[in-house]
Structure formats: structure tokens, C-alpha cells
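Below is one structure; the comments refer to it alone.
There are 2 protein chains.
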Amino acid sequence: MTRFDPISGAIGEAQPAKRHLADLRGCFRDTGAFERALAHDNRLVYTVAAVEPAAGEGDLHYGLGVIYPGLVGDEYFLTKGHLHTWRAAAELYIGIAGEGLMLLEDEVTRENRLVPLQPNGVVYVPGHTAHRTVNTSDVPLTYLGVYPARAGHDYGAIAERNFRSVVINRNGKPHLLERN
Amino acid sequence: MTRFDPISGAIGEAQPAKRHLADLRGCFRDTGAFERALAHDNRLVYTVAAVEPAAGEGDLHYGLGVIYPGLVGDEYFLTKGHLHTWRAAAELYIGIAGEGLMLLEDEVTRENRLVPLQPNGVVYVPGHTAHRTVNTSDVPLTYLGVYPARAGHDYGAIAERNFRSVVINRNGKPHLLERN
Numbered sequence: 185m186t187r188f189d190p191i192s193g194a195i196g197e198a199q200p201a202k203r204h205l206a207d208l209r210g211c212f213r214d215t216g217a218f219e220r221a222l223a224h225d226n227r228l229v230y231t232v233a234a235v236e237p238a239a240g241e242g243d244l245h246y247g248l249g250v251i252y253p254g255l256v257g258d259e260y261f262l263t264k265g266h267l268h269t270w271r272a273a274a275e276l277y278i279g280i281a282g283e284g285l286m287l288l289e290d291e292v293t294r295e296n297r298l299v300p301l302q303p304n305g306v307v308y309v310p311g312h313t314a315h316r317t318v319n320t321s322d323v324p325l326t327y328l329g330v331y332p333a334r335a336g337h338d339y340g341a342i343a344e345r346n347f348r349s350v351v352i353n354r355n356g357k358p359h360l361l362e363r364n
Numbered sequence: 185m186t187r188f189d190p191i192s193g194a195i196g197e198a199q200p201a202k203r204h205l206a207d208l209r210g211c212f213r214d215t216g217a218f219e220r221a222l223a224h225d226n227r228l229v230y231t232v233a234a235v236e237p238a239a240g241e242g243d244l245h246y247g248l249g250v251i252y253p254g255l256v257g258d259e260y261f262l263t264k265g266h267l268h269t270w271r272a273a274a275e276l277y278i279g280i281a282g283e284g285l286m287l288l289e290d291e292v293t294r295e296n297r298l299v300p301l302q303p304n305g306v307v308y309v310p311g312h313t314a315h316r317t318v319n320t321s322d323v324p325l326t327y328l329g330v331y332p333a334r335a336g337h338d339y340g341a342i343a344e345r346n347f348r349s350v351v352i353n354r355n356g357k358p359h360l361l362e363r364n
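Protein chains in written order, with this note's numbering: chain A, 185 to 364; chain B, 185 to 364.
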């Protein structure tokens with residue numbers, strides 16, 4: 185059994201990769217707020233640790249993510265988001281602690297939707313769907329992701345055009361807003 | 185998000201399938217103890233509910249299992265166990281509540297091993313590996329299983345030759361014993 189720690193983000197022997205504000209340049213809508221936040225403190229935004237037991241056709245990989253609570257302007261702390269290199273690959277997210285949202289965007293139609301991510305809940309991310317996780321709470325959001333071993337991660341497509349919408353805090357509640 | 189209930193075994197709209205003692209004829213080693221237990225009460229041994237969001241090449245299915253605590257003779261309550269029809273398909277088990285063990289048996293060499301299954305832990309079941317879950321605690325054992333959509337379940341091979349070993353309670357502790 186591979187043990188994981190919902191607080192530290194460690195899973196088995198995997199060293200969690202750390203993503204700080206500086207790594208997320210271009211992700212947030214309010215670039216002024218981003219530069220001010222970064223000048224103040226290059227905060228840790230999230231960690232992700234992946235376990236890759238085998239790489240055969242029927243194998244699975246999995247990862248543990250922890251997003252810290254925080255805002256850049258009115259936009260919640262978030263992951264870079266990705267598509268799978270093998271576009272047909274789905275991913276299953278399982279809420280472990282804290283609560284947040286997943287932003288799903290169809291690669292082709294660019295239709296998007298928000299889905300809650302909470303403990304005792306599972307989010308199905310179909311193939312061909314860009315996905316980003318957002319912490320809308322004031323405690324760390326921890327989740328497991330499970331995906332086919334051959335899925336692969338494509339961050340480039342997102343880095344280029346970003347998601348069509350952003351998730352902002354409006355009067356204390358998450359709100360989906362079209363990016364200008 | 186598809187919510188699940190670790191107590192009732194419900195997940196989303198899926199109706200949990202119920203497996204009672206009478207459904208598990210042939211699984212337990214001590215057939216006398218089995219018949220006596222069954223005559224006394226055809227107890228509910230476990231439930232399993234599967235969610236199948238899509239069936240494409242890159243898709244995933246998942247299920248929630250709840251095994252109730254109990255013994256037949258000195259053998260812990262268990263699932264029938266299965267191989268995947270697509271033998272190369274792996275499965276990921278995630279402990280949700282309670283604790284128990286997974287019995288893994290290589291289809292070819294028939295080597296077997298016991299792996300703990302507990303909350304905040306993940307068990308990787310490689311392809312070509314028969315797997316059965318056993319509740320060694322005195323509360324329900326709840327877990328999620330995630331597998332490729334095209335895995336399929338083959339119960340027939342297990343029904344025919346069973347697992348090579350059994351997990352018995354010896355002085356209050358689980359013990360792996362060769363079946364005679």
C-alpha cells in the first residue's frame with residue numbers, strides 16, 4: 185500500500201513538485217494584482233506528486249495534489265491545468281480534504297463548466313477536456329487524480345491560450361466569469 | 185461531482201449490488217462452517233456499486249465497495265475476487281474507511297501476497313493479477329476501485345480454481361494460509 189499525507193502532499197516515495205506564484209505567470213487574469221502579490225511574496229500555490237507504478241497499455245498512474253488557500257486579486261489559487269497528450273484519456277479526481285471546484289473546458293467547443301470537488305465525491309474528467317483545479321475554501325484542498333498510464337500531460341496548449349473563463353470570489357462566493 | 189456514502193455504499197445513482205453468504209458458496213475454505221453460518225442467517229457480506237461514465241478507449245470506470253465485518257469459521261468476510269477480462273488492465277484501490285487486506289495472486293505463477301488497505305492509502309493491482317478484498321476489522325471496510333473502462337470483470341476463472349491461499353483470523357491477527 186502506498187500511503188499519502190493529505191497535509192504535506194507526500195505520497196509514497198514521490199517527492200511533491202512545488203508550484204509557486206512565479207511558476208504561474210500568465211494563469212491569472214489580473215496581471216497587476218499578480219505582479220504585486222509576487223513582489224510581496226512568491227508564495228507556494230500548490231504541490232503535486234505523481235506515482236507511476238508501470239507504463240503498460242492497461243496501467244494507471246495517479247497523483248496527489250494540494251492547493252493552498254489564497255487569492256490573486258479576486259481570483260482563487262489554481263493549478264496550471266492541462267490536457268492529456270493522448271487526448272482521449274479521461275481522469276478521475278477524488279476529493280480528500282478541503283473543498284474547491286474543477287474548471288472543465290471542452291477542447292473543441294470551449295464550452296466550460298464548474299464542478300464541485302469535495303471529500304466523498306468523485307469528478308469525472310472526460311477525454312478532450314482541459315481541466316484546472318481551484319481552491320475556493322480557506323484550508324488546503326487535497327485530491328487524488330487517477331489516469332491511464334499513457335495519458336501524458338500537455339501544459340503547452342493551456343499556457344498558450346489559457347482557459348476561456350476564470351473563477352473569482354464575488355462577495356465570498358465563487359463565480360465563473362468570461363476572461364476579457 | 186458524484187457523491188458517495190461510505191456507510192451505505194451508495195455512489196451517485198448507482199444501486200449497490202448485494203452479495204449475501206449464499207452468493208459466496210465455494211469461496212470459503214471451511215465448507216461445514218459455511219453451511220452452518222448460512223443455515224443460521226444468510227448475512228449480507230458486501231455491496232458493490234459501479235459507475236460507468238463512458239466506454240471509450242481512454243475512459244475509466246469506478247466502483248465503491250463495502251465489506252461488512254464477519255467470519256466464516258476462522259476466515260474473514262471477503263469478496264468473490266476477480267481478474268480483468270482484458271488481462272493487462274490494472275486497478276487502483278483507495279481505502280476510504282475501516283481497514284482490511286487485499287489478496288493478490290499472479291495469474292500465471294500463482295504467487296500471492298497480502299497488502300493492507302486503509303484510509304489515506306492506495307493499492308496498485310497490476311494486470312494479470314487476481315484480487316480479492318478481505319475485511320479484517322470489526323467495522324465496515326469501504327474502498328474505491330478505479331480501472332480502465334475496457335477492463336471487464338472475469339469471475340469465472342476464480343470460481344473455478346479459487347485463490348491459492350486464504351486469510352484467516354489466528355489469535356486475533358490475519359494470517360495467510362495455503363488452502364488444502
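All C-beta atoms, glycine included, are put in the ideal place defined by N, C-alpha and C.
None of these values were measured; they are calculated from a predicted model.
Tell me which same chain residues have a C-beta within less than 8 Å of the C-beta of H261/A, skipping the five on either side of it?
-> This sequence places Phe at residue 261/A; His is not what is there. Hits under 8 Å: V229, Y230, I251, Y252, P253, G254, L255, V318 and N319.
Neighbour flag for Y260/A against chain B, beta carbons, 9 Å | no
Per DSSP, V306/B is paired with what?
-> T186/A and I278/B
Opposite K202/A in the DSSP bridges: which residues?
-> T231/A
Where the alpha helix (DSSP H) containing T215/B begins and where it ends | T215 to H224
By a C-beta neighbour count over all protein chains shown, 10 Å radius and 16 as the cutoff for buried, is H245/A buried or exposed?
-> buried
Determine which residues of the segment 285-306 of chain B have a Cβ less than 9 Å from any Cβ of chain A, and write them out in chain order.
-> M286, V299, P300, L301, Q302, N304, G305 and V306
Please list, in chain order, all residues of the same chain as H312/A whose beta carbon is under 8 Å from its beta carbon, the five residues on each side excluded.
-> L267, R271, A272, D290, E291 and V292
Less than 9 Å separating the beta-carbons of T269/A and D338/A?
-> yes
What do you get for D322/B, buried or exposed, if any count of 16 or more other CB atoms within 10 angstroms of its CB means buried?
-> exposed
In angstroms with no decimal places, state the Cα-to-Cα distance between N346/A and D243/B.
-> 25 Å
Using a C-beta to C-beta distance shorter than 8 Å, which residues of chain B count as neighbours of P237/A?
-> A274, Y308 and P310
Select from K357/A, S349/A, P358/A and V306/A the residue whose C-alpha is nearest the C-alpha of G265/A.
-> S349/A
Bridge-paired residues (DSSP) for I251/A = Y230/A and L325/A
Neighbouring residues, chain A, relative to T320/B (Cβ below 9 Å) = None at all; the shortest Cβ gap to chain A is about 13 Å.
Chain B residues whose Cβ lies nearer than 7 Å to that of P332/A = G242 and P332
Run of the alpha helix (DSSP H) containing R345/A, from where it starts to where it stops | G340 to R345
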